Structures are given as C-alpha cells and as structure tokens.
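Undergrad:
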Amino acid sequence: MLEIQIGPHAFQLLGDKGLHWLQERALFVADTHFGKEATFRHHGIPVPIGSTQGTLIAITKMLAHTQATRLLILGDMFHAKSSLSEDVVRDLTSFFTRHREVTFTLIRGNHDARLGQLPSAWPLELSNPVAWMDRIALGHHPLALPLNADVYLCGHLHPAIEVGSRRDRLGKLPCFWLHDGCLVLPALGMFTGTASISPATGDRVWTIADGVVQCWQ
Amino acid sequence: MKENPNRRTWNPKRPPPLRVLWITPLRALAGDTEKSLRMPIDGLGLPWRLESRTGDSKSSLKAKQLQSLPTAMVTTPESLSLMLTHERLLQPLAGVESVIVDEWHELLGTKRGVQTELALARLRRLNPNLRTWGLSATLGNLDEALESLVGSHSAKTRTITGVKKKRLKIASIIPNKIERFPWSGHIGTRMVPQVVELIDQVQSTLIFANTRSQTEIWYQHLLQHRPDWAGKIAIHHGSLDTSVRQWVEEGLRSGSLRAVVCTSSLDLGVDFTAVDLVIQIGSPKGAARLLQRAGRSGHQPEAISRLEFVPTNAIELIELAAAQQSIREGHLEARPLISKPLDVLAQHVVTIAIGGGFRSDELLNEVRTSRVYQSLTSEEWQWVLDFVVRGGSSLTAYPEYHRVVVNDGRYSVTERRTTTAHRMNIGTIVAEAAMKVKFQRGKTLGTAEESFLSKLKPADKFLFAGKLLSLVRIHDNIAYVKRASGKPDVVPRWMGGRLPLSSELSAALRVKIGEAADGKLIGREMKSLRGLFEVQQRWSTVPRADELLIEAIKTRDGHQLFFFPMDGRLAHEGLAAVVAFRLSQRKRTTFAIACNDHGFVLQSPHEVDIAAAIAGNVLSSESLVADISLSMNATEMAKRQFRQIARVAGLIQQGFPRSRKTASHIQASSNLFFDVFTQYDPSNLLLEQARREVLEQQLETQRIVKALERIAVSRIVIERPEKVTPFAFPLLVDRLRERISSESLGERIARMQAELEIAADSS
Chain A
361 MLEIQIGPHA
371 FQLLGDKGLH
381 WLQERALFVA
391 DTHFGKEATF
401 RHHGIPVPIG
411 STQGTLIAIT
421 KMLAHTQATR
431 LLILGDMFHA
441 KSSLSEDVVR
451 DLTSFFTRHR
461 EVTFTLIRGN
471 HDARLGQLPS
481 AWPLELSNPV
491 AWMDRIALGH
501 HPLALPLNAD
511 VYLCGHLHPA
521 IEVGSRRDRL
531 GKLPCFWLHD
541 GCLVLPALGM
551 FTGTASISPA
561 TGDRVWTIAD
571 GVVQCWQ
Chain B
20 MKENPNRRTW
30 NPKRPPPLRV
40 LWITPLRALA
50 GDTEKSLRMP
60 IDGLGLPWRL
70 ESRTGDSKSS
80 LKAKQLQSLP
90 TAMVTTPESL
100 SLMLTHERLL
110 QPLAGVESVI
120 VDEWHELLGT
130 KRGVQTELAL
140 ARLRRLNPNL
150 RTWGLSATLG
160 NLDEALESLV
170 GSHSAKTRTI
180 TGVKKKRLKI
190 ASIIPNKIER
200 FPWSGHIGTR
210 MVPQVVELID
220 QVQSTLIFAN
230 TRSQTEIWYQ
240 HLLQHRPDWA
250 GKIAIHHGSL
260 DTSVRQWVEE
270 GLRSGSLRAV
280 VCTSSLDLGV
290 DFTAVDLVIQ
300 IGSPKGAARL
310 LQRAGRSGHQ
320 PEAISRLEFV
330 PTNAIELIEL
340 AAAQQSIREG
350 HLEARPLISK
360 PLDVLAQHVV
370 TIAIGGGFRS
380 DELLNEVRTS
390 RVYQSLTSEE
400 WQWVLDFVVR
410 GGSSLTAYPE
420 YHRVVVNDGR
430 YSVTERRTTT
440 AHRMNIGTIV
450 AEAAMKVKFQ
460 RGKTLGTAEE
470 SFLSKLKPAD
480 KFLFAGKLLS
490 LVRIHDNIAY
500 VKRASGKPDV
510 VPRWMGGRLP
520 LSSELSAALR
530 VKIGEAADGK
540 LIGREMKSLR
550 GLFEVQQRWS
560 TVPRADELLI
570 EAIKTRDGHQ
580 LFFFPMDGRL
590 AHEGLAAVVA
600 FRLSQRKRTT
610 FAIACNDHGF
620 VLQSPHEVDI
630 AAAIAGNVLS
640 SESLVADISL
650 SMNATEMAKR
660 QFRQIARVAG
670 LIQQGFPRSR
680 KTASHIQASS
690 NLFFDVFTQY
700 DPSNLLLEQA
710 RREVLEQQLE
720 TQRIVKALER
730 IAVSRIVIER
740 PEKVTPFAFP
750 LLVDRLRERI
760 SSESLGERIA
770 RMQAELEIAA
780 DSS
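These protein sequences, in sequence, are chains A and B. So in our numbering, the last spot in the first sequence is 577, and the numbers never skip. So in our numbering, the last spot in the second sequence is 782, and the numbers never skip.
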C-alpha cells in the first residue's frame with residue numbers, strides 16, 4: 361500500500377489494484393471483466409473457471425483491509441452478455457450477500473453497454489459517466505480533466521509498464537497512471553490482459569509487482 | 020489405363036472421379052506442380068480433370084469442388100484437413116487410389132507433418148488399399164521418414180533412390196589473407212568483389228544467406244559494387260509480399276535475373292530452370308542442407324552441381340571441410356521427429372467430429388496407426404476427448420462449454436459457430452505479430468516484425484525488400500514508408516530462424532579439428548588455416564575429438580571462461596546456463612554469457628577455480644533437467660512455446676467469421692491463457708506439453724545430455740592463455756555484440772584485431 365496526495369485529497373494505492381479514498385471510505389476498482397472466462401467457453405474456447413472468483417476474493421480482501429463502505433467500479437464490470445452465466449451470477453449474488461454493509465456503484469463502461477437486464481436482487485446502483493463525488497469525477501474512458509474537478513478517476517486502458525532493457529525483458533507490470541489530472545487504474549480482472557503505456561514527463565506512474573505498489577516515476 | 024484400354028471410350032467431358040491426391044508443403048508450389056502434372060496428362064490424352072485446392076484457390080472453385088472433386092488434385096496439409104471436415108467429401112475421398120506427398124522431408128518432424136500423418140491415417144481408413152508415395156531429399160533417418168509416411172501398420176513398402184551421385188563440385192572462396200582472428204557478423208561482405216566475379220562468369224546464380232537481414236545487406240553490397248545490375252538481381256525472403264516473391268520466381272524461371280539473394284525461402288520449389296551456380300554465405304549448419312542447396316544448380320541429369328562457399332569466419336571453413344567429408348561418406352542429418360503433440364491431436368479430433376463424427380475406440384485405433392501416435396496411452400486419449408468435450412479433465416469440468424458433444428457414444432459438433440470457427444483456424448502455422456510495410460500510396464512491400472517496427476521513430480532509415488526506406492508513420496498496424504537516400508540506421512532483425520549447427524555436422528567438426536591437432540590438414544580449406552591452428556596451438560591447445568578445451572583468460576572486462584564443446588548454439592545456451600548456475604552455487608558471483616555454434620563463454624568479476632569445480636561435478640549430467648529449470652527462466656520459455664500450442668489447440672483463433680464485431684470479446688493473448696491455466700487448471704496437459712517442447716526443441720536437452728555424457732569420458736584440457744585465442748575470439752565478439760551499439764562495434768573489433776595481429780606476429 362502506498363499513500364499519495366492529489367490536490368487536497370489523500371488516496372491509498374492498494375497492491376490488489378484498487379484505489380482507496382480515505383475521506384469518503386470509498387474503494388475504486390476498474391475493469392473487473394467478471395465472467396470473461398464464461399464468454400470464452402460460450403464461444404467454444406476452453407478456459408477454466410476460477411478467475412471471476414479470484415477477482416471477487418481480491419475485492420473482498422481490499423474491503424476488509426480498508427473497511428470501505430462504498431465500492432465503485434469504474435466500468436467494464438462484466439465482459440459481455442454471455443458472461444452472466446449461472447455460476448458467475450451465483451458467485452456475485454453470494455458476494456453481494458456477504459457485503460450487505462457496502463453500497464455498490466457501477467459507472468458504465470463500453471463492455472457494460474450491451475449487458476441487458478442485471479439480476480434485480482443485486483444491490484448495484486448504475487450510473488452513466490461522468491459521475492461525481494465531491495470534486496472527484498468518475499468515468500470509464502480517460503478524458504481531459506473536467507472543469508471544477510480536482511481529479512478524474514477512470515480505467516479502460518489496462519495500463520502497464522514494460523520493465524527491463526531491450527535484451528532482458530522482464531515483462532510488463534500493471535500500473536496506476538496519472539496524466540494531467542486523469543488517474544487511470546489498472547485492470548482488476550484476473551483474466552484480463554494489459555496494454556503498455558508510454559508516460560510523458562511530468563506524469564506519475566506507480567507499478568504493482570507481487571502485490572507491492574512502488575513509485576515508478 | 021489397364022481398366023480402360025480402349026482410348027475411344029475416353030471422354031474428357033466425363034472425367035473419372037477423384038483418384039489421385041498430391042500434397043505439397045507450400046501452397047505457392049501448387050501452381051507449379053499443377054503445370055508439371057498437366058504435361059503428362061495432356062501428353063497421354065487422359066480425360067482427367069486436374070485442379071488445385073489450397074488456401075489461395077478461388078472460393079467459386081472450392082464450392083464447385085465440394086459438388087464434384089477433380090480426378091487428380093494438388094493440395095496442402097491444411098486444405099486436406101479442411102476437406103475432412105466435410106462429411107459429404109468422405110465418400111469421394113474413399114475413392115482415392117494414390118496419395119503423393121511431395122517434399123516429405125520438409126514436413127517431417129514438424130507439427131504440419133503430424134497433421135499430415137493424421138490425415139493420411141484417415142485416408143487409409145477410408146480406403147485400406149490406398150497407395151502412399153513420398154518424395155524426400157536424402158535424410159539420415161529415411162526409415163523413420165518412411166514409417167511416418169505409411170503408418171506403423173503398413174505391410175509393403177519400397178524405397179526408390181533417384182539419380183545417384185549427381186556430380187558435385189563444392190569449393191570455398193578463401194580470402195587472400197586469412198584472418199587469424201575470425202569473427203562472426205557481416206564480415207563476409209569483404210568478399211563481395213570475389214562473389215561479383217563469380218556471378219559475372221555465369222548466367223544465373225542463387226545466393227543463400229542464413230538470415231533475412233543478411234540477404235538485405237548482401238543485396239545492397241552487390242548493387243553498390245555493380246550499379247549496372249539494378250533490375251537484374253533481386254532479393255527473396257519470407258517477409259516479402261507474395262507479389263514481389265512471385266515476380267522474383269518468375270524472373271528466375273524466365274532467365275531475366277542474373278542473381279537472387281535469398282534465404283531458405285528458395286530451398287523449396289521445384290521448377291526453376293536450374294541455376295548455373297549456388298553461393299552459400301556463412302555456415303550451412305548441416306551437410307544435408309548444403310547438399311540440397313548445391314542441388315539447386317545443374318538440375319538436369321548429367322549436369323554438375325556447383326556451389327561456392329563464402330565463409331564469414333575462419334572456423335566456418337573447418338565446418339565446410341567437415342560437411343564435405345560427411346557428404347562424401349553419406350553421413351547426412353536425421354530429421355528429429357516430435358512425439359505425440361496433444362494440441363495437434365485435439366485439433367484433428369474436432370476436425371473429425373465435424374466431418375461426420377466418430378466413436379472413441381474407432382478413432383483411437385485409427386490415430387494409433389500413425390507413427391507419431393502409436394504409443395498414445397488411453398489416459399492421454401481420454402484427456403484429449405475431455406478437452407474437446409468438457410474443456411478440461413473431468414475433475415475440472417468447464418461449465419457451459421461444449422465444442423464437441425457426445426450422443427450415444429458418438430462424438431460430433433452440432434453448433435454451426437464451432438464448425439465455422441474451427442474451419443477458419445485449421446493448421447499449425449503461427450502467424451507472428453507482424454506489420455505490413457507499405458508505400459504511402461501504392462504497393463505493399465511485405466511484412467516485418469511488429470517488435471522491430473514499433474521501435475522505429477519517423478524518419479528512421481532502414482533496409483527492407485532491397486530498398487532503403489524511411490518510416491513516415493505507423494497507422495492501423497501498417498508501417499507507411501517512403502524511399503530514402505544515404506545510409507541505413509538499422510536493418511530489421513527477424514526473430515527466430517537461427518538454426519543451430521546440426522549434431523552430425525558438429526561431430527564431424529570435432530573430428531576435423533582433432534585431425535588438425537595431429538597435424539593432418541586435408542583439403543584446401545584446412546590447409547588455408549595452417550596459420551590459425553599454429554597460433555591456437557602455441558597459445559593454447561587445438562583439442563582432439565576426445566578432449567574438451569576450456570580456456571581461462573583474464574581480460575579488462577573480467578575473468579573469462581571459454582568452453583568449446585562444439586555442439587551447436589542451442590545446446591550451448593542450455594549448457595552455459597547450467598554450468599553458470601552450478602558455478603554460482605559454489606561461490607557467489609554473476610556471469611555474463613555468450614554462445615555460438617562452437618562454444619560458450621562465461622564472464623564473471625571473480626576468478627573461478629574451474630579445475631576444482633569440474634572435480635566437483637559441474638559438468639555432470641546428473642539432475643540436469645532440474646538444473647535447467649532452475650537456471651533458465653523456464654516459465655518464460657514455456658510461455659513463449661505456449662503460443663503455438665494455444666493456437667493449434669483452438670484457444671486463440673487467428674481468423675474469425677468475418678464481419679463479426681464481437682470477435683474482439685474472445686481474443687486473449689497466449690500469455691494470459693498460460694497464466695489462467697497455470698493458476699486454475701495446473702494439471703492441463705497442454706501446459707505439460709509446453710514445458711516438454713521447451714526442453715526438446717528450444718534447448719535440445721537430448722543434445723545437452725549427450726554432450727555431457729561425451730564430456731564425462733573426455734579429457735578436460737584447461738589452458739590459461741595470456742591473450743584471447745583464435746577459437747575464443749568470435750565468442751568474445753558475440754558477447755560484445757550484446758553490449759554495445761553496432762556503430763562503434765566495427766571500430767572496436769578492428770582495433771582489437773589489429774592489437775592481436777601485432778601480438779601474434781611478434782610472439
């Protein structure tokens with residue numbers, strides 16, 4: 361965990377790829393892509409079960425650790441319509457039941473657009489971007505910092521930094537990326553890829569390796 | 020003809036149904052093959068319909084063929100597998116009397132070869148009297164090639180040897196002044212004048228280089244030397260656009276081109292009028308390969324095959340001498356086979372499930388008639404069935420997944436979507452992440468690796484397709500370029516394709532060096548190296564075949580340990596890693612490693628007592644596999660290997676039913692698949708296969724084991740020369756190559772070389 365300050369706000373960057381806003385006890389995550397493996401199976405591509413549960417376990421851990429009372433998902437909560445398979449719905453229902461004290465909000469992302477009706481029993485509030493909490497703006501796609509916002513939180517990019525020299529590639533590390541007041545969160549889903557970013561000078565980047573957050577630049 | 024002796028009853032309007040299948044490894048060859056086959060058919064006036072069916076065929080023709088197949092058909096392994104997905108073609112395929120597999124040596128030992136074996140097993144099942152013909156170049160393991168072709172249950176086989184002992188003339192261009200200190204790299208271009216002279220003496224020449232970047236460099240040098248050859252010489256390699264390649268092939272055929280600089284891309288392809296001369300630049304890596312390339316000249320019977328060898332360093336001259344001896348004695352390379360890859364089998368099982376379905380025991384028996392799967396266990400078979408039916412083994416059943424369904428013991432595919440996706444993804448060839456290279460307005464030049472192009476900045480100049488280009492911009496996975504002048508900043512480097520020296524040629528090389536140790540220098544090549552051997556002997560040792568030479572030298576950069584097992588680059592990579600790992604276990608230190616076909620070097624900041632380490636079993640073959648896994652990033656390597664497996668087993672779909680926007684929802688990288696499987700289904704046999712393929716193919720573990728066994732009975736000679744010896748020099752340069760930029764490399768090498776020459780002359 362690493363504490364950072366953006367404008368007047370203090371945040372914690374968590375090793376499980378979430379962002380904790382201390383003042384409001386709110387936990388932000390992005391791109392969970394629940395049920396992505398079910399979508400693959402639906403299309404005849406064999407992918408084992410487990411990644412949706414793995415993602416939920418990561419969130420549970422962060423909720424327990426931060427004692428947050430709100431969870432906000434910054435888009436792409438589900439992968440596709442076919443992601444809402446029986447086992448995925450069951451896993452999520454039991455997740456919601458176990459966290460009755462938490463309020464859940466989904467800021468819609470591009471993958472959530474075609475979902476159709478979600479189970480009505482889920483205590484999930486849906487919101488279109490851009491949403492606001494105090495002077496913090498929330499969305500899915502990266503944008504220029506909206507007027508009157510101190511910071512804009514989003515996802516979508518699945519940002520990662522390539523580590524290593526040209527010869528010894530050590531691989532990619534998922535990261536938080538702050539660019540002109542727009543803070544991009546790493547993708548949380550266990551079965552999601554990453555995309556390399558090239559940060560500009562003046563940007564700030566924090567990488568995550570083995571659950572440890574480190575300042576990159 | 021025996022059945023229908025009366026020619027008057029032959030009716031070209033009613034050709035007989037499918038009788039003959041001709042399988043060619045390259046679809047580009049299908050056209051040529053069709054042309055050659057048409058000659059005898061027309062000559063005899065046979066009323067046959069002859070057609071090709073490959074990935075390049077028009078869809079209208081393919082649709083027509085689904086209604087009625089021609090009498091004789093030229094096709095590729097992929098298209099044949101595709102035909103097996105059409106149930107209605109099974110009956111006509113059962114009528115095939117002969118199947119001819121062309122260039123079998125090219126398919127043998129590859130996953131495409133395995134795919135072919137499975138298809139042949141299917142054809143034999145459909146017609147037990149099928150006659151199989153295979154055409155193959157000379158191989159060290161013709162018996163295995165034969166068995167792979169006809170299956171393990173075939174009763175009658177016969178081998179026919181073609182025109183024997185075509186006259187062969189192999190010579191080397193020996194530089195006037197032999198560099199005592201050979202170094203690898205673009206040194207060979209110093210021989211451009213001699214090569215130009217040779218090309219000038221004949222009508223047509225093929226120049227083989229080992230890498231695509233070498234072809235680009237040589238093409239430029241030849242043109243600089245003879246600007247009047249513009250338009251008369253050309254370049255040919257696998258990254259060029261099909262239209263460019265076809266133009267070159269046509270030019271060779273019509274005789275309008277004097278010379279073509281090429282890679283193994285022109286190893287295949289039958290119907291070029293033979294060229295007058297073949298030039299091989301750099302190590303041929305194997306005797307069979309050298310022989311085959313030489314055979315591209317003087318193709319007609321009675322003609323002499325002529326090959327000139329251009330060494331890029333002095334040790335390659337020993338390699339050539341060794342290769343010549345191997346050819347004379349008929350010791351040609353065996354093509355190592357691969358053992359029962361489950362990814363290819365899974366793909367085949369889905370193919371058959373679509374093409375009419377199957378019962379488990381029937382298909383198992385059929386599959387076991389192929390040589391590659393004859394030892395397939397019931398457990399492995401069950402796993403493959405589970406994989407296509409449930410996704411994983413029964414314990415980790417994947418919900419809502421069904422590629423293949425079972426009904427009353429019959430396996431079949433019911434979903435149209437599965438069928439379409441499978442047909443689009445049949446095959447085992449993995450497309451590299453490549454980007455098109457294209458003029459801003461106008462034609463496509465070819466493709467280069469994305470990893471190379473994405474590192475370029477606009478206005479960077481690079482050589483490609485024989486032209487100096489500068490990058491304008493990259494947009495939508497296309498690199499737009501324009502012509503440039505001046506000097507290139509970079510030459511594209513294509514990954515892979517760097518073959519190691521074959522184990523047969525390595526053995527022959529050790530013998531040749533051993534002869535030199537005894538003062539026997541046989542042949543022009545060996546005699547020209549007298550000076551080099553003298554210096555090597557004076558400063559260190561020329562090792563005999565039953566000796567392993569190790570040189571410990573202290574240079575400005577640190578302590579260097581040179582090992583010369585002479586066993587090919589891949590095996591050396593594994594050996595170097597294991598030895599470095601074991602040495603570092605004895606004493607904390609760090610090693611930098613470099614390898615080539617002849618040896619490897621370990622550099623460390625601390626001195627290593629190598630004699631004591633060897634006594635402590637640093638070179639033992641015990642717990643080798645475990646030490647390989649510990650010393651190399653085996654997981655990373657397995658991940659890379661998993662790319663092909665994921666593609667063949669149908670995890671990654673290369674093509675998707677077109678105009679479906681949702682396709683991007685089911686794309687994931689093979690790395691991601693690897694991670695998810697490792698985490699949530701670690702017993703998945705495809706992971707096991709990836710690890711096995713790394714050991715067998717990427718590291719040639721069998722060769723490492725054999726090398727260590729040989730070393731165990733060898734005398735270890737440890738020398739401590741004061742200076743870097745002729746044997747060690749290329750390795751030192753290779754190491755430098757990894758560290759410093761290519762611009763100053765040339766200067767630095769020249770300086771080192773000059774210093775060493777002075778030392779050799781004065782000592």
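Cβ atoms here follow ideal geometry from the backbone N, Cα and C, with glycine treated the same way. The structure presented is a predicted model; accordingly, all values stated were derived computationally and were not measured.
Can proline 506 (chain A) and valine 490 (chain A) be called in contact, C-beta distance under 8 Å?
TA: With a cutoff of 8 Å on beta-carbon distance, proline 506 (chain A) and valine 490 (chain A) are scored as near each other.
Undergrad: According to a CB-to-CB cut-off of less than 8 Å, which residues of the segment 406–419 of chain A neighbour chain B?
TA: Pro406, Val407, Pro408, Ile409, Gly410, Ser411, Gly414
Undergrad: Just the chain B side, please: which residues come within less than 9 Å of glycine 515 (chain A) by C-beta, in chain order?
TA: The premise fails here: glycine 515 (chain A) is roughly 17 Å from chain B at the closest Cβ pair, so nothing lies under 9 Å.
Undergrad: Quick one: grab the DSSP three-state call for asparagine 384 (chain B).
TA: Correct three-state label for asparagine 384 (chain B): helix.
Undergrad: Is alanine 611 (chain B) helix, strand or coil by DSSP?
TA: Alanine 611 (chain B): strand per DSSP, three-state reduction.
Undergrad: Mind listing the chain A neighbours of aspartate 700 (chain B)? Cutoff is C-beta to C-beta under 7 Å, in chain order.
TA: Pro408
Undergrad: Please list the segments of the alpha helix (DSSP H) lying wholly inside the segment 632–671 of chain B, counting only runs of 4 or more residues, in order along the chain.
TA: 643–650, 653–667
Undergrad: Closest Cβ-Cβ distance between serine 603 (chain B) and chain A: below 8 Å?
TA: No, its Cβ sits nowhere closer than 8 Å to a Cβ of chain A.
Undergrad: On the criterion of 16 or more Cβ atoms from any shown chain inside 10 Å, does arginine 758 (chain B) qualify as buried, or is it exposed?
TA: Per-residue confidence for arginine 758 (chain B) stands at a pLDDT of 38, beneath the threshold of 50, marking its modelled position as unreliable; the derived number appears in the next sentence. With fewer than 16 Cβ atoms within 10 Å of its Cβ, arginine 758 (chain B) is classed as exposed.
Undergrad: What does a CB cutoff of less than 7 Å around glutamine 574 (chain A) pick up in its chain, not counting 5 residues either side in sequence?
TA: Trp566, Thr567
Undergrad: Have a look at glycine 469 (chain A) and glycine 170 (chain B) and give me their C-alpha separation to the nearest angstrom.
TA: 55 Å
Undergrad: Measure the alpha-carbon distance for lysine 606 (chain B) versus phenylalanine 748 (chain B) and round it to whole angstroms.
TA: 27 Å
Undergrad: Below 8 Å on C-beta distance, what does arginine 436 (chain B) contact in chain A?
TA: His403, Gly404
Undergrad: Hey, is the segment 441–452 of chain A in contact with the segment 471–481 of chain A, meaning 3+ C-beta pairs nearer than 8 Å?
TA: yes
Undergrad: Given that a residue counts as buried once 16 or more other Cβ atoms are within 10 Å of its Cβ, and exposed if not, what is methionine 437 (chain A)?
TA: buried
Undergrad: Could you pull out every residue in the same chain whose Cβ sits closer than 7 Å to the Cβ of lysine 421 (chain A), ignoring the five residues on either side in sequence?
TA: Asp376
Undergrad: What separation, rounded to the nearest whole angstrom, lies between the Cα atoms of isoleucine 419 (chain A) and glycine 465 (chain B)?
TA: 47 Å
Undergrad: Out of B:Phe696, B:Ile737, B:Gly114, point me to the one whose CA is closest to threonine 631 (chain B)'s CA.
TA: The sequence as given places alanine at residue 631 (chain B); threonine does not occur at that position. Here the closest residue by C-alpha is B:Ile737.
Undergrad: Please confirm if the segment 390–410 of chain B is in contact with the segment 148–161 of chain B, defined as three or more CB-CB distances below 8 Å between the two stretches.
TA: no
Undergrad: Between the segment 696–715 of chain B and the segment 355–366 of chain B, do three or more beta carbon pairs fall short of 8 Å?
TA: yes
Undergrad: Identify each residue in the segment 357–390 of chain B for which the Cβ-Cβ distance to at least one residue of chain A is less than 7 Å, and report them in chain order.
TA: none
Undergrad: Exposed or buried, what is methionine 58 (chain B) when buried is set at 16 or more other beta-carbons lying within 10 Å of its beta-carbon?
TA: exposed
Undergrad: So that I know if they touch, is there some Cβ in chain B lying closer than 8 Å to that of glycine 553 (chain A)?
TA: Yes, contact with chain B.
Undergrad: Span of the beta strand (DSSP E) holding asparagine 426 (chain B)?
TA: 424–426
Undergrad: So valine 695 (chain B) contacts chain A; which residues on that side make the cut at Cβ distance below 9 Å?
TA: Glu397, Val407, Pro408, Gly410, Ser411, Met550, Phe551
Undergrad: Quick check: is the beta carbon of phenylalanine 406 (chain B) nearer than 8 Å to any beta carbon in chain C?
TA: Going by chain labels, chain C is absent from the structure shown, which instead holds the protein chains A and B.
Undergrad: Quick one: measure Cβ to Cβ for alanine 190 (chain B) and glutamate 327 (chain B), integer angstroms, because I've assumed they're closer than 8 Å.
TA: 6 Å
Undergrad: In terms of alpha-carbon separation, which member of B:Lys546, B:Ala527, B:Pro147, B:Arg563 lies closest to aspartate 537 (chain B)?
TA: Of the listed residues, the one whose Cα sits closest to aspartate 537 (chain B) is B:Arg563.
Undergrad: Taking the alpha-carbon of leucine 187 (chain B) as reference, which of B:Ile569, B:Ser379, B:Ala596, B:Asp295 has the nearest alpha-carbon?
TA: B:Asp295
Undergrad: Grab me the residues of histidine 518 (chain A)'s own chain with a C-beta within less than 8 Å of its C-beta, minus the 5 sequence neighbours each way, in chain order.
TA: Only Asp391, Pro534, Pro546, Ala547, Thr552, Gly553, Thr554, Ala555 meet the Cβ criterion.
Undergrad: Does DSSP put leucine 498 (chain A) in a helix, in a strand, or in coil?
TA: strand
Undergrad: Name the chain B residues that come within less than 8 Å of phenylalanine 400 (chain A), Cβ to Cβ?
TA: Under the 8 Å cutoff, chain B gives Ile685, Ala687.
Undergrad: Taking the beta carbon of serine 203 (chain B) as the centre, do at least 16 other beta carbons fall within 10 Å, making it buried, or is it exposed?
TA: Unreliable placement is indicated for serine 203 (chain B), whose pLDDT of 47 sits below 50; no coordinate value is reported for it.
Undergrad: Tell me, please, which residues DSSP counts as bridged to arginine 325 (chain B).
TA: B:Lys188
Undergrad: Sort B:Ala228, B:Leu383, B:Lys546 by Cα distance to glutamate 398 (chain B) and report the nearest one.
TA: B:Leu383
Undergrad: Could you name each continuous alpha helix (DSSP H) segment of 4 residues or more that falls completely within the segment 502–578 of chain B, going from the start of the chain to the end?
TA: 522–536, 542–547, 549–558
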